[in-house]
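Q:
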Amino acid sequence: SLYVSEYFSQSAQKLSFYSWYGNAKLFHFRVPEDTVLLRWLLQASRGKGPECTNMEITVHFRYGAPPVINPLGTDFPANATVRPSYSISITLSSAVQNTTFVNVTTPAAGDWFIAAHLPEAAGRIEVKGFSTPCPYMFQADMFVLRLADMPVLEPGVAVPQTVVSPAKPLHVKVFIPKHTAVMRLELRNCVTSVQRACAVRAVLGSITLPQSFQRIITCVGKVNCSLALDSPPWEKWLQIMVESLGAANASVSVELLASFRACRPGSTSSFLNFSSLNQSQTGPRPGNSGAAGSPTLSTREASRNVSDQRSFCLQNQPVVREDLDVVSVRYRLLNGPSVPVNSLSPTLLLLNLNTGMDSGGSLVLNLLLNKTSLSLANATVVACVSAASPVLSLNATHNCSTAFFQGYPLRVSTSSQEATLIVLYPQTDDWFLSLRLVCPKGQGECNAAEAKVTVFAYLTPCFNDCGPYGQCSLLRRHGYLYAGCSCKAGWGGWSCTDVSKAQSVSAQNLATLLLTLSNLMFLPAIAVAVYRYYLVEASVYTYTMFFSTFYHACDQPGVAVMCIMNYDTLQYCDFLGSVVSIWVTILCMSRVKKILKYVLFVLGTLLIAMSLQLDRRGVWNMMGPCLFALVILIAAWVYHGAKRRHCYPPSWKRWVFYLLPGITLAFIAISVYAFMETNENYYYTHSIWHVLVASSVAFLLPPRDKHKKPWAWSQKLTCRYQICQNDREELYAVT
1 SLYVSEYFSQ
11 SAQKLSFYSW
21 YGNAKLFHFR
31 VPEDTVLLRW
41 LLQASRGKGP
51 ECTNMEITVH
61 FRYGAPPVIN
71 PLGTDFPANA
81 TVRPSYSISI
91 TLSSAVQNTT
101 FVNVTTPAAG
111 DWFIAAHLPE
121 AAGRIEVKGF
131 STPCPYMFQA
141 DMFVLRLADM
151 PVLEPGVAVP
161 QTVVSPAKPL
171 HVKVFIPKHT
181 AVMRLELRNC
191 VTSVQRACAV
201 RAVLGSITLP
211 QSFQRIITCV
221 GKVNCSLALD
231 SPPWEKWLQI
241 MVESLGAANA
251 SVSVELLASF
261 RACRPGSTSS
271 FLNFSSLNQS
281 QTGPRPGNSG
291 AAGSPTLSTR
301 EASRNVSDQR
311 SFCLQNQPVV
321 REDLDVVSVR
331 YRLLNGPSVP
341 VNSLSPTLLL
351 LNLNTGMDSG
361 GSLVLNLLLN
371 KTSLSLANAT
381 VVACVSAASP
391 VLSLNATHNC
401 STAFFQGYPL
411 RVSTSSQEAT
421 LIVLYPQTDD
431 WFLSLRLVCP
441 KGQGECNAAE
451 AKVTVFAYLT
461 PCFNDCGPYG
471 QCSLLRRHGY
481 LYAGCSCKAG
491 WGGWSCTDVS
501 KAQSVSAQNL
511 ATLLLTLSNL
521 MFLPAIAVAV
531 YRYYLVEASV
541 YTYTMFFSTF
551 YHACDQPGVA
561 VMCIMNYDTL
571 QYCDFLGSVV
581 SIWVTILCMS
591 RVKKILKYVL
601 FVLGTLLIAM
611 SLQLDRRGVW
621 NMMGPCLFAL
631 VILIAAWVYH
641 GAKRRHCYPP
651 SWKRWVFYLL
661 PGITLAFIAI
671 SVYAFMETNE
681 NYYYTHSIWH
691 VLVASSVAFL
701 LPPRDKHKKP
711 WAWSQKLTCR
721 YQICQNDREE
731 LYAVT
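Counting in full-length UniProt numbering, the final residue of the sequence shown is number 735, and the numbers go up one at a time with none missing.
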């Protein structure tokens, strides 16, 4: 055999601590056909700084769709199918780098996905620039070994093959046509080269993670062996690996024979289906009285289908796939939303999800039984949703499985008329919905009965749009798109339905009130600034109080939200007002000349606005203006002290009762903001930050100039005549 090796690599990604699915880093690979060995090369590394500690990286694998993971142990939505993913852990301890290999023999061809993430996030809000997080990097590479000349089995033709040794198994493949009900593989005339009892094992199917349903035939001491597969995957190549269980130097000769039993499908006329689709899209055309619009033909076709119903093993119902948006599809039944279901043969609906871009959402199916259509009160409609091939042998006790796939069962009856199924991240394939009417006393009781079941099927990015406490986010990895829910207000779970840590409405209202009303502490600072004639500073504080109040009213995660304008605009204005308030306060304390002070006000505000546009959450956007203003403050105070030959400010009361309390409040505020805020305590720690900063401003503002008198409105508001006082000193008198 000729083996060909191929290597696929993707760029490394920086890992994140896990709080929702968007924190998991996704890798998407495509395994080619006829692959006999797949090897993953997983490389994890970390930084060398002191902030880097021992870390455990979790890596998940899945075939056909992104892995469905639940590291936080939260709840999934009701009626959702959850099967645990295959995962491994990679530990970074003393070593800076860790290399791990994962081998998969005879992997399934198609899409494979890897998701990697760090443990649960601590929930601490880190200010950008105050701390340096440790970088944890992860890279996945794929090595495949495939056969370039894999032998092909033809149906009904016995093909002699030889297994050279146990170390070199034989690989063959067979194509399974559509509508195959049963596939049978026979091992005939098995002989060995050492005249001993024949011992071989045949493995049918490929490995898929997290679950694998390979079927095995073991022939020990037998000449002929066989295995039958019910509902094998349609229109796919099936790999068969034959291994020798005998001595190391013994070869085994065996004949392989594959045979199929087809299932004859029955459906309404394709011509009528096309006509109904055409009419539903464009409407009936006047003057067209051909066969498509003839009721006689419709009646004749319907009667013929009913008469031939017993000879069919399934009844096809035509379904139209309607693409609505990215990862958003609606399935429409041409013969109406209701489909007839009987006991003679299963009713089959094809749901096409094989475009390669459909596996990043959620497949939702809803069955609703028309109670009046079912004459038997004790009858039940059983249904099964499966991928690759339908379940054809439906009954009350069937486990809803095909040859290589475990399906998802559903049932509706007169006592329970509705059933819903949610398939999270359905794998890329053709999906089938099989329905059949079942009676408890046997199928003979149901022969003359028929039920009408309304079927709603659609693919959505996020089920229920993540609910009122979640946001559906569209994620991207190179050209592949998938969706995930980002929850808020303490809600969690795959679709934000887990209420174990959810905030109550009263707690949400309290958080909103604390974060908004705490900004009213700027009113004393505004009053002090106005009283001391610092009108520009008072205007800046008013601006900050207004936009901080309404930004936090709009920034709330729950239902207590009010946005007076665009969220991004409110956030920018809040950040700008906060930094400019600190800037003008420190410059006001420096007591520089007015013309220089106002020039610095305007120039600094323009530079702060520019830096916030570049990086809104950078710590140096606040620290830079503060440090520069402090340099000006210290220089000005040193200058005033040297000029007066006395410590500046000169009054000890000014230091004890104003400056030291103000500086203390400012340092406590910075400590709370930088080191104490978390996602859980944000609403009251950030409210404390508002109170402390506003209070420190009221203490730090300098007293008014001595030559200015207090506000006296009777002197400021003059009418008609104004007595001007001449303060010039006469140097001489003219006589």
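No residue lacks a Cβ here, since even glycine has one placed at the ideal position from N, Cα and C.
What are the complete beta strand (DSSP E) segments, minimum 3 residues, inside the stretch 42 to 92?
A: 55 to 63 and 86 to 92
Q: Can you check DSSP and say which residues form a bridge with SER9?
A: As a position in the sequence shown, residue 9 is number 9, starting the count at 1. Looking at the DSSP assignment, SER9 forms a beta bridge with ASP141.
Q: Take the Cβ of SER578 as the centre, count every other Cβ of all protein chains shown within 10 Å, and call the residue buried at 16 or more, exposed below.
A: What you label residue 578 is simply residue 578 of the sequence shown in a count that begins at 1. The residue in question, SER578, is buried, as its Cβ has 16 or more Cβ neighbours within 10 Å.
Q: Helix, strand or coil for ALA115? Go by DSSP, reduced to three states.
A: For the purposes of this step, residue 115 is taken as the residue at position 115 of the sequence shown. Of the three classes helix, strand and coil, the one that applies to ALA115 here is strand, per DSSP.
Q: State the start and end residues of the unbroken alpha helix (DSSP H) segment that holds TRP620.
A: Position 620 of the sequence shown, counting from 1, holds the residue named residue 620. That run of the alpha helix (DSSP H) goes 620 to 644.
Q: Quick one, which of CYS573, VAL102, GLY558 and ASP429 has its alpha-carbon nearest ILE90's?
A: In the sequence shown, counting from the first residue as 1, residue 90 sits at position 90. Checked all of CYS573, VAL102, GLY558 and ASP429; the closest Cα to ILE90 is VAL102.
Q: With H, G and I counted as helix, E and B as strand and the rest as coil, what does DSSP make of VAL31?
A: As a working mapping, residue 31 is identified with position 31 in the sequence shown. Of the three classes helix, strand and coil, the one that applies to VAL31 here is strand, per DSSP.
Q: With a 10 Å radius around its C-beta and 16 neighbouring C-beta atoms as the bar for buried, classify GLU51 as buried or exposed.
A: Taking the first residue of the sequence shown as position 1, residue 51 is located at position 51. GLU51 comes out exposed.
Q: Let me check understanding here. Comparing Cα to Cα, which of LEU363, VAL152 and ARG654 lies closest to ALA65?
A: Numbered from 1 along the sequence shown, position 65 holds the residue referred to as residue 65. Closest by alpha carbon: LEU363.
Q: I want to know whether the stretch 594 to 612 touches the stretch 546 to 557 - three or more CB-CB distances under 8 Å.
A: no
Q: Can you give the Cα-Cα distance for VAL528 and ALA698, rounded to whole angstroms?
A: Here residue 528 is taken as the residue at index 528 of the sequence shown, counted from 1. Here residue 698 is taken as the residue at index 698 of the sequence shown, counted from 1. If I take the Cα positions, the gap works out to 6 Å.
Q: From the DSSP output, in three-state form, read off THR218 for me.
A: As a position in the sequence shown, residue 218 is number 218, starting the count at 1. THR218: strand per DSSP, three-state reduction.
Q: Quick test of the definition: if touching needs 3 or more C-beta pairs under 8 Å, does the stretch 478 to 492 touch the stretch 54 to 64?
A: no
Q: Look up ASP555 in the DSSP assignment and say whether it is helix, strand or coil.
A: What you label residue 555 is simply residue 555 of the sequence shown in a count that begins at 1. DSSP places ASP555 in coil when its eight states are reduced to three.
Q: With contact counted as at least three CB pairs below 8 Å, one residue from each stretch, are the stretch 211 to 221 and the stretch 159 to 173 in contact?
A: no
Q: What does a CB cutoff of less than 6 Å around ALA733 pick up in its chain, not counting 5 residues either side in sequence?
A: Taking the sequence shown and counting its residues from 1, one reaches residue 733 at position 733. A caution first: ALA733 carries a pLDDT of 41, below 50, which makes its placement in the model too unreliable to give a value.
Q: Would you call the CB atoms of THR428 and SER359 closer than 8 Å?
A: As a working mapping, residue 428 is identified with position 428 in the sequence shown. As a working mapping, residue 359 is identified with position 359 in the sequence shown. Against a cut-off of 8 Å, the Cβ pair of SER359 and THR428 comes out as a contact.
Q: Around the C-beta of SER11, are 16 or more other C-beta atoms found within 10 angstroms, so that it is buried, or is it exposed?
A: By 1-based counting over the sequence shown, the position of residue 11 is 11. SER11 is exposed by the Cβ-count criterion.
Q: Using a threshold of 8 Å, state whether the C-beta atoms of ALA140 and PHE27 are closer than that.
A: Locating residue 140 in the sequence shown gives position 140, where the first residue counts as 1. Locating residue 27 in the sequence shown gives position 27, where the first residue counts as 1. Contact flag set, yes.
Q: Do ARG146 and VAL68 have their C-beta atoms within less than 8 Å of each other?
A: As a first step, residue 146 is located in the sequence shown; it is residue number 146 there, counting from the start. As a first step, residue 68 is located in the sequence shown; it is residue number 68 there, counting from the start. Result no, Cβ atoms of ARG146 and VAL68 do not sit closer than 8 Å.
Q: Which residue marks the beginning of the alpha helix (DSSP H) containing ALA525, and which one marks its end?
A: Translated into the one-based positions of the sequence shown, residue 525 becomes position 525. Element bounds for ALA525: 522 to 531.
Q: Would a check of beta-carbon distances place TYR682 closer than 8 Å to chain C?
A: Going by chain labels, chain C is absent from the structure shown, which holds only one protein chain.
Q: With a CB to CB cut of under 8 Å and the five nearest residues on each side skipped, what residues in its chain are close to GLY287?
A: The residue given as residue 287 occupies position 287 in the sequence shown. Summary for GLY287: the model assigns pLDDT 38, below 50, so the residue's position carries little reliability; its value from the coordinates is reported in the next sentence. So the list is empty, once near-sequence residues are dropped.
Q: When the distance is taken between beta carbons, is GLU6 closer than 8 Å to ALA109?
A: Numbered from its first residue, the sequence shown carries residue 109 at position 109. Numbered from its first residue, the sequence shown carries residue 6 at position 6. No; because the gap between Cβ atoms is not below 8 Å, this pair is not in contact.
Q: CB-CB under 7 Å to VAL580, same chain, minus the five flanking residues each way: which ones, in chain order?
A: As a working note, residue 580 is residue 580 in the sequence shown. Contacts found: VAL540, THR605 and ILE608.
Q: I want to know whether the stretch 412 to 431 touches the stretch 319 to 336 - three or more CB-CB distances under 8 Å.
A: Cβ pair count under 8 Å is below three, so no.
Q: Expressed to the nearest angstrom, what Euclidean distance is found between the alpha-carbon atoms of THR685 and VAL691?
A: Residue mapping note: residue 685 aligns to position 685 of the sequence shown, counting from 1. Residue mapping note: residue 691 aligns to position 691 of the sequence shown, counting from 1. Roughly 10 Å separates the two Cα atoms.
Q: On a CA-only basis, which of VAL453, PRO71 and GLY47 is nearest THR58? Give me that one, please.
A: Counting from one through the sequence shown, the residue named residue 58 turns up at place 58. Each of VAL453, PRO71 and GLY47 was checked against the Cα of THR58, and the nearest Cα belongs to PRO71.
Q: Whole angstroms is fine: what's the gap from SER611's alpha carbon to ILE88's?
A: Counted from its first residue, the sequence shown places residue 611 at position 611. Counted from its first residue, the sequence shown places residue 88 at position 88. A straight-line Cα-Cα distance of about 44 Å links SER611 and ILE88.
Q: Going by DSSP, which residues form a beta bridge with PHE404?
A: Counted from its first residue, the sequence shown places residue 404 at position 404. Answer is none; PHE404 lacks a bridge partner.
Q: Near GLY123, which residues of its chain fall below 7 Å by C-beta distance, leaving aside the five closest residues on each side in sequence?
A: Here residue 123 refers to the residue found at position 123 of the sequence shown. Excluding residues within five positions, the ones whose Cβ falls inside 7 Å are THR678, ASN679 and GLU680.
Q: Where GLY356 and LYS178 are concerned, what is the direct C-alpha to C-alpha distance, given to the nearest angstrom?
A: By 1-based counting over the sequence shown, the position of residue 356 is 356. By 1-based counting over the sequence shown, the position of residue 178 is 178. Those two C-alpha atoms are separated by around 20 Å.
Q: Can you give me the start and stop residues for the alpha helix (DSSP H) that TYR482 sits inside?
A: Position 482 of the sequence shown, counted from the start, is the residue given in the question as residue 482. Element bounds for TYR482: not the alpha helix (DSSP H) but the beta strand (DSSP E), 480 to 487.
Q: Could you give the first and the last residue of the continuous alpha helix (DSSP H) run that contains ASN509?
A: Counting from 1 along the sequence shown, the entry for residue 509 is found at position 509. 505 to 517 is the span of the alpha helix (DSSP H), which, as asked, contains ASN509.
Q: Looking only at C-alpha atoms, which of ILE582, ALA24 and GLY490 sits nearest to PRO625?
A: Here residue 625 corresponds to residue number 625 of the sequence shown, with the count starting at 1. Selection ILE582, ALA24 and GLY490 evaluated against PRO625 yields ILE582 as nearest (Cα-Cα).
Q: Given LEU92, which residues of its chain have a CB within under 8 Å of its CB, disregarding the five upstream and five downstream residues?
A: On the sequence shown, residue 92 is found 92 positions in, with the first residue counted as 1. So the list reads ALA44, SER45, ARG46, ASN54, MET55, GLU56, ILE57, ASN98 and TYR136, once near-sequence residues are dropped.
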